[in-house]
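A.B. asks: Offset between the sequence shown (1-based) and this note's numbering: plus 281. For glycine and all other residues, C-beta sits at the position ideal for the given N, C-alpha and C.
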Amino acid sequence: MAVPHMKPWDVAVVGEIFADHIFTGFPHWPQPGEEVIAQGYVRELGGGSVNTACGLSRLGRRVRLVGLIGDADFDWFEQRLSEFGVEMGGIRLEHDGTGITVSVSMRDDRTFFTYPGANQGLAEWLAVPAVVADLAAARHVHFAMPLSRDLAQSVLPVLRAAGCTTSLDVGHSPGWLRDPGNIATCREVDLFLPNTAEAALLCGEASTEAFIAWATDHGLSRAVVKRGAQGALAMSGGVLSHVVPPTVDAVDTTGAGDAFNAGLIDAWLDDEPLGPALERACICGALCSTAPGALAALPHSPQLRTLRERTYRS
Ligand SMILES: Nc1ncnc2c1ncn2[C@@H]1O[C@H](COP(=O)(O)OP(=O)(O)OP(=O)(O)O)[C@@H](O)[C@H]1O
Ligand SMILES: [Mg+2]
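Right, here's the structure in full:
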C-alpha cells in the first residue's frame, strides 16, 4: 500500500501572477492616434505560475499558489482558482494592483504590453524566512520566474534541507539566461525547464543537442528542452530521450510550456524516470494548445492516461 505523504501540499508554485487582457481580431495595427476595434476580448488569470498550478491541480495534485496580487482582484482570483482546486493561502494582497498583460492579436502576430504591478515585490517577499518555511510545506516547489542568484542561494538550500525537490522555468528572460552567474542555479534545481530559444541563450548555440552537451559539461544532472510541436528532449543519467507529442489541432499554444511543466512535475512526483515522464508532459502541452488561452484545455488525469495509452502504447 502506498505511504501517504505527510506534507500538506504536493506542489507550491511560486512566481509572477498576471491579469491577462486578450484582444483579438484587429484588422491592422493602429497608426499613432488612431483607434482600431477588436472583434473579441477575454480577461483571464495569467502568468506561468497560475498556468502550471492549474495544470497540476487538474491532474489531481494538492497545489498552493504563492505570489502577489492586487487586493481588488481577490474575489475574481478566488473564484477562478477554486474552479481548478488551487489553494490561495500563499497569496499576499497588495495595494499596488495585480500585474497586467495586454495581449493584442493581429491575424498572424501577437504583441504584449506588460505592467508588473504587485509582482515587483516578489523577490523581497521571498527573502522572508517565514515565506520560505511556508514553501517548504510542499513536497515540490516550482519557480515560474527568473529566480535571482541571491534568492537561489538563500532559498534553495532551505528547501533541500526540508526534503523539497525543485523545478525552475524562467521563461523568456534574456538577461537571466545570458548571465553565467545563473548556471549554478540551473545545476542546483532538480528540473530546469527551458524551451529551445531559452536553451540557446543559455548555452550560446542554437541546437538542442548543443544544449544537452553544454548541460552535461556544466554538471546539470538532468536536462530538458521543450521544442514546440516537435516535442521535447531530455537527458538524465547519461540517457537521452526524445518524445514527440500527439498530433492535435493546435489553435493557440499560449501556456503550452507551462502545461508541459505540470505534466512533467506530476510524473516526477510519481518517481517516473525522466524519459517516459516526457510523455505526460508532451500530452499536457499538446492538449493545452487545442483551445484559446492557457487554462481551457488542461487535462484531467483520466484524459491524460487515455491519450498516453493511445499515443505511445498502441
Ligand atoms: N503545435 C503543437 N502541437 C502539439 N504539441 C505542442 C504544440 N506546441 C507545443 N506543444 C507541446 O507543448 C510543449 C511545450 O511547448 P513549447 O515548446 O512551445 O513551450 P514554451 O515555448 O515554453 O511555451 P510557452 O509559450 O508556454 O512558454 C511541447 O514540448 C509540445 O509537447
Ligand atoms: Mg515557456
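#1: I'd like to know if the region 414 to 422 and the region 533 to 550 are in contact, where contact means that at least 3 CB-CB pairs between them fall below 8 Å.
#2: Among 314, 304, 337, which one has its Cα closest to the Cα of residue 320?
#3: Mind checking whether the beta-carbon of residue 563 lies closer than 7 Å to any heavy atom of ligand 1?
#4: Out of 352, 580, 593, 594, which one is the CA nearest neighbour of residue 339?
#5: Between residue 404 and residue 432, what straight-line distance do the alpha-carbon atoms span, to the nearest angstrom?
#6: In the DSSP assignment, find the beta strand (DSSP E) that holds residue 291 and state where it starts and stops.
#7: Is residue 298 buried or exposed, if buried means 16 or more other CB atoms sit within 10 Å of its CB?
#8: Taking the DSSP output, what are the residues bridged to residue 301?
#9: Starting from residue 422, follow its DSSP beta bridges and name the residues at the other end.
#10: Counting only runs of 4+ residues fully inside the region 300 to 377, write out the alpha helix (DSSP H) ranges in chain order.
#11: If you run the structure through DSSP and keep just helix, strand and coil, what is residue 513?
#12: Heavy atom of ligand 2 less than 7 Å from the Cβ of residue 450, yes or no?
#13: Could you say if the region 364 to 373 and the region 345 to 355 meet the contact criterion of at least three C-beta pairs nearer than 8 Å?
#14: Under 8 Å, do residue 353 and residue 344 count as touching if we go by C-beta distance?
#15: For residue 432, does the three-state DSSP call read helix, strand or coil?
#16: Indicate the three-state DSSP secondary structure (helix, strand or coil) for residue 459 in the structure shown.
#17: Return the CA-CA distance between residue 282 and residue 588, expressed in angstroms with no decimal places.
C.D. replies: On the basis of the supplied data:
#1: Enough Cβ pairs lie closer than 8 Å, so yes.
#2: Among 314, 304, 337, the Cα nearest to that of residue 320 belongs to 304.
#3: Checking the Cβ of residue 563 against ligand 1 gives yes.
#4: Closest option to residue 339, Cα to Cα, is 580.
#5: A direct Cα-Cα distance of roughly 7 Å separates residue 404 from residue 432.
#6: 290 to 296 is the span of the beta strand (DSSP E), which, as asked, contains residue 291.
#7: Residue 298 should be labelled buried.
#8: Residue 301 is bridged to 325, 382.
#9: DSSP output for residue 422 lists 293, 447 as bridge partner(s).
#10: 329 to 339, 355 to 365, all fully within the region 300 to 377.
#11: Strand at residue 513.
#12: Yes, the Cβ of residue 450 comes within 7 Å of a heavy atom of ligand 2.
#13: Flag = yes, the region 364 to 373 and the region 345 to 355 touch.
#14: Taking 8 Å as the Cβ cut-off, residue 353 and residue 344 do not qualify as a contacting pair.
#15: Residue 432: helix per DSSP, three-state reduction.
#16: Judged by DSSP in its simplified three-state form, residue 459 adopts helix.
#17: Note that residue 282 scores a pLDDT of 48, beneath 50, so its modelled location is shaky; the value from the coordinates is reported in the next line. Computed Cα separation, rounded: 27 Å.
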